[in-house]
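For the sequence shown, my numbering gives the first residue as 67, with consecutive numbering after it. C-beta: ideal position from N, C-alpha, C; glycine also. If you're wondering where the values come from, they're calculated on a predicted model, not measured in any experiment.
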Amino acid sequence: MRNMVGYCHQKNYELRYSDFDFKDELKFSSLLALVQESACLSADELGFGYGALRKQGLAFLIVGTYCRLLRPIVLGDALCIETWPLPPRHVFCERDYRVKDAKGEPVALLASRWCLVDLQDFSLITPDRLGKTHADCPYNPERSVEVPAWKIPPLRGTGRECGTTIVTNSRCDHYYHANNTYYADFFLDGFSIEELSRRRIEAFQISYVRQAKEGTQLQILRCDDERGSRLEAHDADGLVAQCSVCFSDGEREGEHA
Numbered sequence: 067m068r069n070m071v072g073y074c075h076q077k078n079y080e081l082r083y084s085d086f087d088f089k090d091e092l093k094f095s096s097l098l099a100l101v102q103e104s105a106c107l108s109a110d111e112l113g114f115g116y117g118a119l120r121k122q123g124l125a126f127l128i129v130g131t132y133c134r135l136l137r138p139i140v141l142g143d144a145l146c147i148e149t150w151p152l153p154p155r156h157v158f159c160e161r162d163y164r165v166k167d168a169k170g171e172p173v174a175l176l177a178s179r180w181c182l183v184d185l186q187d188f189s190l191i192t193p194d195r196l197g198k199t200h201a202d203c204p205y206n207p208e209r210s211v212e213v214p215a216w217k218i219p220p221l222r223g224t225g226r227e228c229g230t231t232i233v234t235n236s237r238c239d240h241y242y243h244a245n246n247t248y249y250a251d252f253f254l255d256g257f258s259i260e261e262l263s264r265r266r267i268e269a270f271q272i273s274y275v276r277q278a279k280e281g282t283q284l285q286i287l288r289c290d291d292e293r294g295s296r297l298e299a300h301d302a303d304g305l306v307a308q309c310s311v312c313f314s315d316g317e318r319e320g321e322h323a
């Protein structure tokens, strides 16, 4: 859907059995893959998609994602994802999403931050570089969700190791680094089945600090408090990504009945 006021890209998605976890709930990595797909289609529609930017030696790289879950997305759900770009703020380009079920009811609200980079040296550039494409873009100022804070407080040595993983070629995208969607798996693997069966996650946030190339070993650190957990992924050179997870107060038992 394209008009000069209230631009919004919409698409319906069918979910696969492999998109769901041991609870028959949509995996967060699958949810991020779906919204990434919708973002790419919207960018194509607006003239600054992957193909158009690659010809100019440019790319949009994601630096942060926030998601608020209004209810679990369960096996049998069909989804419609709405997305739109917000007016850029210097080097930060924001994009929001609204995920709806078959009845049109919102089930998840997401916000994301991207930066436009020069692929020669990965330097940050402003959207003005896109010229007429940027000038004519029908940016939509509506926010689907308020992000509490884009910066996740660092652990500063307080975290305990809760896992390690190696970035393999199957996790890498066309920029030869681990795709952002897989970090949801890297971080959620820091919890046990028992923990995730007992408590429901109502929000999560991922901040991407540096790229992780093929062969990189990531150490996952975790620190808990009364409402949730903060996690970090480190390689041999330091911090790669951060995550915060917020649990709801209620227990999960019988909530799908």
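Which same chain residues, not among the five before or five after residue i, have their C-beta less than 7 Å away from its C-beta?
i      : result
Phe313 : Arg265, Arg266, Ile267, Glu268, Arg293 and Gly294
Phe88  : Ile259
Asp239 : Asn245
Pro193 : Pro154, Cys159, Leu182 and His200
Ile278 : Contrary to the premise, residue 278 reads as Ala rather than Ile in this sequence. Counting only Cβ-Cβ distances below 7 Å, and skipping sequence neighbours, we find Val233, His243, Ala244, Leu284, Asp301 and Val306.
Arg237 : Ala244, Asn245 and Tyr248
Gly304 : none
What residue range does the beta strand (DSSP E) around residue i cover?
i      : result
Thr131 : Leu124 to Leu135
Arg296 : Gly294 to Asp301
Ala177 : Pro172 to Asp184
Arg161 : Phe158 to Lys166
Arg288 : Gln283 to Asp290
Leu190 : Ser189 to Ile191
The alpha helix (DSSP H) with residue i in it runs from where to where?
i      : result
Ala99  : Phe94 to Leu112
Leu221 : That residue, Leu221, is in no alpha helix (DSSP H); it is neither H nor E in DSSP.
Glu261 : Ile259 to Arg264
Thr149 : From DSSP, Thr149 is part of no alpha helix (DSSP H) but of the beta strand (DSSP E) over Leu145 to Pro151.
His200 : Lys198 to Ala201
Would you report the Cα separation of residue i and residue j, rounded to the nearest angstrom?
i      : j      : result
Leu262 : Leu297 : 15 Å
Ala168 : Ser95  : 21 Å
Val157 : Asp85  : 33 Å
Cys203 : Ala109 : 10 Å
Asp290 : Gln271 : 15 Å
Gln283 : Gly123 : 29 Å
Ala144 : Pro219 : 35 Å
Asn206 : Gly72  : 5 Å
Ala215 : Arg82  : 33 Å
Ser178 : Thr131 : 4 Å
Gln308 : Arg120 : 28 Å
Lys217 : Arg276 : 15 Å
Leu127 : Asn78  : 25 Å
Lys198 : Ile286 : 43 Å
Leu254 : Leu97  : 13 Å
Thr231 : Ala250 : 12 Å
Ser310 : Asp187 : 30 Å
Trp180 : Leu190 : 10 Å
Less than 8 Å between the C-beta atoms of residue i and residue j, yes or no?
i      : j      : result
Leu182 : Arg164 : no
Ile139 : Leu92  : yes
Tyr274 : Val129 : yes
Val101 : Leu175 : no
Ala299 : Phe257 : no
Arg288 : Val211 : no
Ala105 : Leu185 : no
Asp162 : Arg209 : yes
Considering only residues of the same chain and omitting the five flanking positions on each side of residue i, which have a CB-CB separation below 6 Å?
i      : result
Ala99  : Thr247
Leu141 : Phe86 and Asp90
Glu148 : Cys74, Gln76 and Arg164
Glu80  : none
Only counting the same chain, and skipping five residues up and downstream in sequence, which positions put a Cβ closer than 8 Å to that of residue i?
i      : result
Pro172 : Leu136, Arg164, Val165 and Lys166
Met67  : Note that Met67 has pLDDT 49, beneath the 50 cutoff, so the model's placement of it is unreliable and the number below is only indicative. Tyr73, Cys74, His75 and Gln76.
Asp315 : none
Gly117 : Asp110
Check whether the stretch 153 to 167 touches the stretch 223 to 236, taking contact to mean three or more Cβ pairs, one atom from each stretch, closer than 8 Å.
-> no
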